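Novice:
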Amino acid sequence: MVVGLGTGVPWVRCKEEDAPDPLKNTCNGYYCDIFTPNKPYKPTMWTEAWSGWYTEFSGTVHHRPVQDLAFAVARFIRNGAFITNNDPNSVAGVMFNNMQYNQPPWSISILPDCKNAVLNTTKVELLSWEIYDEDVSSLDDNSVMTAVGLLEQINVTRDTSDYLWYITSVEVGSQESFLHGGGQPTLIVQSTGHALHVFIIGQISGSAFGSRRNRRFRFTRMINNLRARTN
C-alpha cells in the first residue's frame, strides 16, 4: 500500500526487516548497535531507544538505569576513539595509544583527542526531572455531570484526567431486612478495566484491577454501613 501511494519522500518503518524500496527499515529497541538495514544503500537509523517499559496493572514495575541507556546509545554511534567494556561485572584494563585505561563494567568511554576520556557512560546521572501530581481530592462544579447509566471514561474525560468518579445514591427504607438482623447487601461490579476504587458513604470499601492481558475483573463486597436514609 505504501509503495503504491508514491509519496515521493522517504517512508521510515520501525522493525520491518523486509521493508521494500523506497521504505527505510530501522531499529526499535533497547540495543541497536548490531543493527544493519536490509539494503546497503539505506541509512542506519534507530527510531526508538527504549528508556524502559510501561507499567501495567498486576505486572512488573520495570526500571532501566540511565547509565545503561547511555551505554546503548554510545555503542550505537561509536567511532574514532571509543573504549568499550562489554563485560557486565568486571573492570577491564585497556591499553590504547600506549596508555592504560581502567574501563568500568558495561560502559563506553569517549576520547575525542585519543587521550582524555571526556565521558564514561557509568557516570551519567539524572540531572533534572519533573512530576505531575493530579489532585483528585476535589471536584469543581464544571467537572460534575448527571447522566442515566454509566458513561465511557475516555469519551467523558477527553484524556484531561486519569480519573472518573461515578457517584450514585441509594434510598434505604426503614423496613429493609438487613437493618433488622437479616443478611447484609452485597455490591457487585463487573468491569472491563483498568481499575476500580469503591467508596461507600465516604469510606473506602475496596479496590480491584485487571491486567494488560485480561482487563476484565469483578468486584464483590458486602456492605455493612448503609442506614435508613438516602445513602
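Take the sequence shown: its position 94, counting from 1, is numbered 94 in the UniProt record's numbering, and each next residue is one higher.
A virtual CB, placed ideally from N, CA and C, is assigned to each residue, including glycine.
Predicted model, so just to flag it, every value in this text is computed and none were measured.
#1: Below 8 Å, can you find three or more Cβ-Cβ pairs linking the stretch 88-100 to the stretch 51-71?
#2: Give the secondary structure of Gln175 by DSSP, where H, G and I count as helix, E and B as strand, and everything else as coil.
#3: In the stretch 110-197, which residue ranges form an unbroken alpha helix (DSSP H) of at least 4 residues, counting only runs that do not cross its ends?
#4: Would you mind working out which of Gly173, Arg218 and Glu171 sits nearest Leu187, comparing C-alpha positions?
#5: Out of curiosity, what's the CA-to-CA distance linking Pro88 and Asn38?
#6: Would you mind working out which of Ile223, Gln190 and Val189 sits nearest Ser205, comparing C-alpha positions?
#7: Can you round the beta-carbon distance between Phe82 and Ile110 to whole angstroms, since I take them to be within the 8 Å contact cut?
#8: Buried or exposed for Lys24, going by 16 or more other Cβ atoms inside 10 Å?
#9: For Ser169, tell me which candidate among Ala195, Gly202, Glu176 and Gln153 has the shortest Cα-Cα distance.
#10: So does the stretch 63-77 actually touch the stretch 15-34, counting three or more Cβ pairs closer than 8 Å?
#11: Tell me the DSSP bridge mates of Met222?
#12: Nearest by alpha-carbon distance to Val73: which of Thr7, Ser107 and Phe178 is it?
#13: With DSSP collapsed to three states, give me the class of Val3.
#14: Can you tell me whether Val66 is helix, strand or coil according to DSSP?
#15: Along the beta strand (DSSP E) that carries Asn85, what are the first and last residues, could you check?
#16: Going by other Cβ atoms of all chains shown within 10 Å of its Cβ, with 16 needed for buried, is Ala147 buried or exposed?
#17: Measure the CB-CB distance between Ala195 and Phe57 and report whether it falls below 8 Å.
#18: Please classify Thr121: is it buried, with 16 or more other beta-carbons within 10 angstroms of its beta-carbon, or exposed?
#19: Pick from Asn86, Asn116 and Pro104: whose alpha carbon is nearest that of Phe96?
#20: Which same chain residues end up closer than 7 Å to Gly93 when comparing Cβ atoms and leaving out the 5 residues on each side of it in sequence?
#21: Using beta-carbon positions only, say whether Gly59 and Arg158 come within less than 8 Å of one another.
#22: Would you tell me roughly how many angstroms separate the C-alpha atoms of Thr36 and Met145, rounded to the nearest one?
#23: Would you call the CB atoms of Thr192 and Arg216 closer than 8 Å?
Specialist: Judging by the given coordinates:
#1: Contact between the stretch 88-100 and the stretch 51-71 is absent: fewer than three C-beta pairs spanning the two stretches fall below 8 Å.
#2: Reduced to three states, the DSSP call for Gln175 is coil.
#3: Here the runs fully enclosed are 153-157.
#4: For the residues Gly173, Arg218 and Glu171, the minimum Cα distance to Leu187 belongs to Arg218.
#5: Their Cα atoms are separated by approximately 30 Å.
#6: Distance check between Ser205 and each of Ile223, Gln190 and Val189 places Ile223 closest, using alpha-carbon atoms only.
#7: Separation of the CB atoms of Phe82 and Ile110 is rounded to 6 Å, and the pair is thereby assigned contact status at 8 Å.
#8: Its Cβ being crowded by 16 or more others within 10 Å, Lys24 is buried.
#9: When each option's Cα is compared against that of Ser169, the closest is Gly202.
#10: Judged by Cβ distances under 8 Å, the stretch 63-77 makes contact with the stretch 15-34, as three or more pairs qualify.
#11: Thr186, per the DSSP bridge assignment.
#12: Val73 has its Cα closest to that of Ser107, out of Thr7, Ser107 and Phe178.
#13: If DSSP states are grouped into helix, strand and coil, Val3 belongs with the helices.
#14: It is helical.
#15: Membership of Asn85 in the beta strand (DSSP E) is indicated by the continuous run Phe82 to Asn85.
#16: Exposed, since its Cβ has fewer than 16 Cβ neighbours within 10 Å.
#17: Their beta carbons are under 8 Å apart, which means Ala195 touches Phe57 by this criterion.
#18: Around the Cβ of Thr121, a 10 Å sphere holds 16 or more other Cβ atoms; the residue is buried.
#19: Measuring from the Cα of Phe96, the nearest candidate turns out to be Asn116.
#20: Within the same chain, Cβ atoms closer than 7 Å to the Cβ of Gly93 are found at Gln100 and Asn102, the five residues on either side in sequence being excluded.
#21: No, these two residues do not count as a Cβ contact at 8 Å.
#22: Distance between the alpha carbons of Thr36 and Met145: 55 Å.
#23: Against a cut-off of 8 Å, the Cβ pair of Arg216 and Thr192 comes out as a contact.
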